[in-house]
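Below: one structure, written as structure tokens.
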Amino acid sequence: MVKSLQRLLSIIFLILMMLLSKATLSDDLTLNTDGIKKEDTLVKVLEGIGFKYDDALNASRTLEEVFPLELLPENSYLIMPPLGEKIDTFAVNVDDKKSVLIKKLNNEYFAYIVSTEKAHEIIAKKITFPNDITSIASSDKIQANKNKIRYKESLFVFERGSALLTFLKNTDNKKSNIKKAIIAFRKVYSPEKIDIGSRGKVIKSQNNKLLGFYINVNSKKSVIVYLDNKKFSAFVTSNKEVDKILKSKINYKYDTQKNIQSIRISIFNSAALIIKKNNIKKGSSLFKELAKYEVNLNEINQILNSIKVLVNLKKIKPGTEFGIVYKMNRLFGFYLNLNKIEDLQIVKKKNGFEGYIFKKPFKKELVFTAIKIKKNLYLDAQTNFLPSEIFLDLVRLFSFSIDFQRDIRPTTTFEIMYENLINYNNEVIMPGNILFSKAYLKNKIYEEMYRFENSLTDEKYFNAKGISIRKSLMKTPIDGARLSSGFGTRRHPILGYNKMHKGLDFAAKKGTPIFAAGDGIIERAGNYGAYGRYIRIKHNSKYKTAYAHLSKFAKGIRKGKFVKQGKIIGFVGTSGRSTGPHLHYEVLQYNKQVNPYKLNLPETEKLTNDIYKVFIKEKIKIENEIKKIK
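The numbers in the sequence shown follow the numbering used here, run straight up by one, and end at 667.
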């Protein structure tokens, strides 16, 4: 009887303990598991390239025995064999010189420290391992706190009261270096002209020596300052290439892999991390959502300031996924799902929060298609399953040389080769870039273009001769419209008498987007008599363009604002003196309206010398890829 009672009490005790355990740990366990399976941890990356979950977890834990995953640097990447081959050996780059090599032997994983160069060689050459792997690799553990990182980066934004000196004074031990850097900057741009909201980055050595910095001085250009043989030099370059150029100027060391694949790894790698996920609710804000998770006010502000440096908070839409990351019940970091291929990741450091954009792992698949016009370009593109993003890019790229209202005829043919971005589960994420396209008008080659990224300019597409396809002005600043009235004398549809028509009319549905025909400053935006809602853009001292009868302006369009070619500036309407929805488009040469179709506009760029030789190599490479899949 006593034994039975003891047994019963033991069972009750065990049940109570299980319930208590579930009550206190279930959330953590659930979240932890969720974090492993659904976030871009090392486990997820390994699963994506073909590992079973158990293998991925074991490999990740083996790596963590020699290096804490959460301490991986931002530029860490996975080194692996070419896609399609068996992956029993891979490596993770952990600093500028060393990698952790992971090898599976007899269903067990082993981790060893090798040079990154050696890791590349082992994997690329498929070196066969003996059972005792220590013959080619050191078994010493990496001491994370002794990890030598050559460079440190910090982003900044100019706010009211900020000065260039403010951001540089804490970066260098020598005031003379800061002075020299500012003098170099002043030679190409006045610090007094830096606007509030301008962004920049400072790069310094481990011992806080200033190595270089850049500042985005407008929407297109940046000023780079870098240390060159104990002197600071400065020059102006494109915003899109500024980071890469600065790093190359101060001898950033990037490992390149020609014969093997590499994937950058998320900073949230450890299985010990707990990730609480949610979506931003409609009518809420990121501030309010963070407050729900009992993140203190100071930390919320620090997180938001870190985000502001990288993305515009106003552009974060309801429904966007975010995650609060914990380690040992303490706040570790934060992520925001920006799009299908990018996450914004924020990690807590000793001196606050630090963020960067994490690009999710994907590979590229090349697709070739030919569209022969039967009805119209849009419908025929749909019939050929051309993604809408690629279709729009195609139209915009050819809009510099082709008038889609007059030049396109039945039998007109477009050949296109473009990229599909595919995750490592072979699912199409989204279309990538157009790499090549050719237009045949009247069975003759009318225009062809090749993608080539010139690091010194914004130009990305060139014809076979290395001349940029981009003209200073687009021929047609609207997609899918019909030319309803040309330039010249006509009988006015409202006034009833002959009158000079000083522009082109494009009939289109109300709300059809209108694009800026070229880069420039908005000179006028508002109601303008018979023109109705009207925009005029000054492109240079010679050319202006005007857009009339709009239904409304695009967000942010105002006098004095710089707009980039192809940006949506407004929408088709029927305001002012108008008989129906259309765009009235004018080109002004020295303030006098001229016929847009008779203008012989100059090309923006021609490749020369060494850059041209590099372009030809890329062109041949593209043509060879076309032959393979055509």
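Where a beta carbon is used, it is the ideal one built from N, C-alpha and C, also for glycine.
(message) If I follow the unbroken alpha helix (DSSP H) through Gln419, where does it start and stop?
(response) DSSP places Gln419 in the uninterrupted alpha helix (DSSP H) bounded by Leu414 to Thr420.
(request) For Tyr330, collect the residues of the same chain with a Cβ closer than 7 Å to its Cβ; drop the 5 residues on either side in sequence, then sort them by chain order. (result) Taken in chain order, the residues that qualify are Lys313 and Ile361.
(message) Measuring straight from C-alpha to C-alpha, what distance separates Tyr340 and Tyr363?
(response) Per the sequence shown, the amino acid found at residue 340 is Ile instead of Tyr. One Cα belongs to Ile340, the other to Tyr363, and the distance between them is close to 14 Å.
(request) Go ahead and pull the three-state DSSP assignment for Tyr4. (result) Here the chain covers residues 38 to 667 and nothing more, so residue 4 does not appear.
(message) Let me make sure I understand the geometry here. Which of Glu101, Ala501 and Phe489 has the alpha-carbon closest to that of Ala476?
(response) Relative to the Cα of Ala476, the nearest Cα in the group Glu101, Ala501 and Phe489 belongs to Ala501.
(request) Assign Ile233 to buried or exposed, taking buried as 16 or more other Cβ atoms, counted over all protein chains shown, within 10 Å of its Cβ. (result) Counting Cβ neighbours within 10 Å, Ile233 comes out exposed, since fewer than 16 surround it.
(message) Need the endpoints of the beta strand (DSSP E) that Ala583 sits in, please.
(response) Looking at the DSSP string, the run of the beta strand (DSSP E) that includes Ala583 is Tyr580 to Phe590.
(request) Quick one: measure Cβ to Cβ for Lys700 and Glu190, integer angstroms, because I've assumed they're closer than 8 Å. (result) This structure cannot speak to residue 700, because the chain is shown only from 38 to 667.
(message) Let me confirm a value: Lys178 is counted as buried when at least 16 other C-beta atoms fall within 10 Å, else exposed. Which label applies?
(response) At Lys178 the pLDDT is 36, less than 50, meaning the model places this residue with poor confidence and gives no usable figure here.
(message) Tell me which residue opens and which closes the alpha helix (DSSP H) that Leu431 is part of.
(response) Looking at the DSSP string, the run of the alpha helix (DSSP H) that includes Leu431 is Ser425 to Phe435.
(message) One question on the structure: do Lys286 and Tyr251 come within less than 7 Å of each other, judged by their Cβ atoms?
(response) In this structure, Lys286 sits away from Tyr251, with a CB-CB distance that is not shorter than 7 Å.
(request) Check whether the Cβ atoms of Thr113 and Asn130 sit closer than 7 Å, and answer yes or no. (result) Sequence check: residue 113 is Ser here, not Thr. A contact, by the Cβ cut-off of 7 Å.
(request) For the beta strand (DSSP E) containing Asp265, list its first residue and its last residue. (result) If you look at Asp265, you'll find it in the beta strand (DSSP E) that goes Lys258 to Asp265.
(request) Look up Val678 in the DSSP assignment and say whether it is helix, strand or coil. (result) This structure cannot speak to residue 678, because the chain is shown only from 38 to 667.
(message) Distance check for Tyr226 and Asn577, CA to CA, integer angstroms please.
(response) It is roughly 21 Å from the alpha-carbon of Asn577 to the alpha-carbon of Tyr226.
(message) What does the Cβ neighbour count give for Arg507, buried or exposed, with the cut at 16 atoms within 10 Å?
(response) Flag for Arg507 reads buried.
(request) Would you grab the beta carbon distance between Gly555 and Ser505 for me? Rounded to a whole angstrom, and I think it's under 8 Å. (result) For Gly555 against Ser505, the beta-carbon gap comes to about 13 Å, at or over 8 Å, which does not count as contact.
(request) For Phe269, collect the residues of the same chain with a Cβ closer than 6 Å to its Cβ; drop the 5 residues on either side in sequence, then sort them by chain order. (result) Excluding residues within five positions, the ones whose Cβ falls inside 6 Å are Lys217, Ala218, Ala221 and Val262.
(message) At the level of alpha carbons, what is the spacing between Met454 and Asn413?
(response) Taking the straight line joining both Cα atoms gives about 20 Å.
(request) Could you have a look at Val332 and say whether DSSP puts it in helix, strand or coil? (result) Secondary structure at Val332: coil, using DSSP grouped into helix, strand and coil.
(request) Decide if Thr274 is buried, meaning its Cβ has at least 16 other Cβ atoms within 10 Å, or exposed. (result) By the neighbour-count rule (16 or more Cβ atoms within 10 Å), Thr274 is buried.
(request) Take the Cβ of Glu84 as the centre, count every other Cβ of all protein chains shown within 10 Å, and call the residue buried at 16 or more, exposed below. (result) By the neighbour-count criterion, in which 16 or more other beta carbons inside 10 Å mark a residue as buried, Glu84 falls on the buried side.
(request) Ignore the nearest five residues each way along the sequence and tell me which others in Ser612's own chain have a CB closer than 7 Å to its CB. (result) Within the same chain, Gly569, Arg570, His586, Leu587 and Ser588 come within 7 Å of Ser612 by CB-CB distance, once the 5 residues on both sides are set aside.
(request) Could you tell me whether the Cβ atoms of Gly503 and Phe652 are closer together than 7 Å? (result) Contact: yes.
(request) Rank Arg573, Asn335, Arg367 and Glu326 by C-alpha distance to the C-alpha of Ile353 and give the top, closest one. (result) Checking every option, the nearest Cα to that of Ile353 belongs to Glu326.
(message) Runs of 3 residues minimum, wholly inside the stretch 459 to 518: which ones carry the beta strand (DSSP E) assignment?
(response) Runs of the beta strand (DSSP E) inside the stretch 459 to 518: 465 to 478 and 481 to 488.
(request) Any chance you could list the alpha helix (DSSP H) runs of at least 4 consecutive residues sitting entirely within the stretch 545 to 582, in chain order? (result) DSSP runs (the alpha helix (DSSP H)) wholly in the stretch 545 to 582: none.
(request) Could you spell out the range, first to last residue, of the alpha helix (DSSP H) harbouring Asp91? (result) Per DSSP, Asp91 belongs to the alpha helix (DSSP H) from Tyr90 to Glu101.
(message) Measuring alpha carbon to alpha carbon, tell me which residue in Leu347, Leu310 and Phe88 is nearest Asp125.
(response) Closest in alpha carbon position to Asp125, among Leu347, Leu310 and Phe88, is Phe88.
(message) Along the chain, where does the alpha helix (DSSP H) containing Lys664 start, and where does it finish?
(response) Here the alpha helix (DSSP H) through Lys664 covers Asn646 to Ile666.
(message) Helix, strand or coil for Thr274? Go by DSSP, reduced to three states.
(response) Residue state for Thr274 is assigned as strand, using DSSP reduced to three classes.
(message) Can you look up Val384 in the DSSP assignment and give me helix, strand or coil?
(response) Strand.
(request) Measuring alpha carbon to alpha carbon, tell me which of Lys575, Thr549 and Arg614 ends up nearest Tyr565. (result) Measuring from the Cα of Tyr565, the nearest candidate turns out to be Arg614.
(message) What does the Cβ neighbour count give for Ser256, buried or exposed, with the cut at 16 atoms within 10 Å?
(response) Exposed: under 16 other Cβ atoms inside 10 Å.
(message) Taking 6 Å as the limit between beta carbons, can you name the residues of its chain near Glu484, skipping five residues before and five after?
(response) If we look at Glu484 and ignore the five residues flanking it on each side, its Cβ neighbours are Ser438 and Ala476.
(request) Please state whether DSSP places Tyr634 in a helix, a strand or coil. (result) Residue state for Tyr634 is assigned as helix, using DSSP reduced to three classes.
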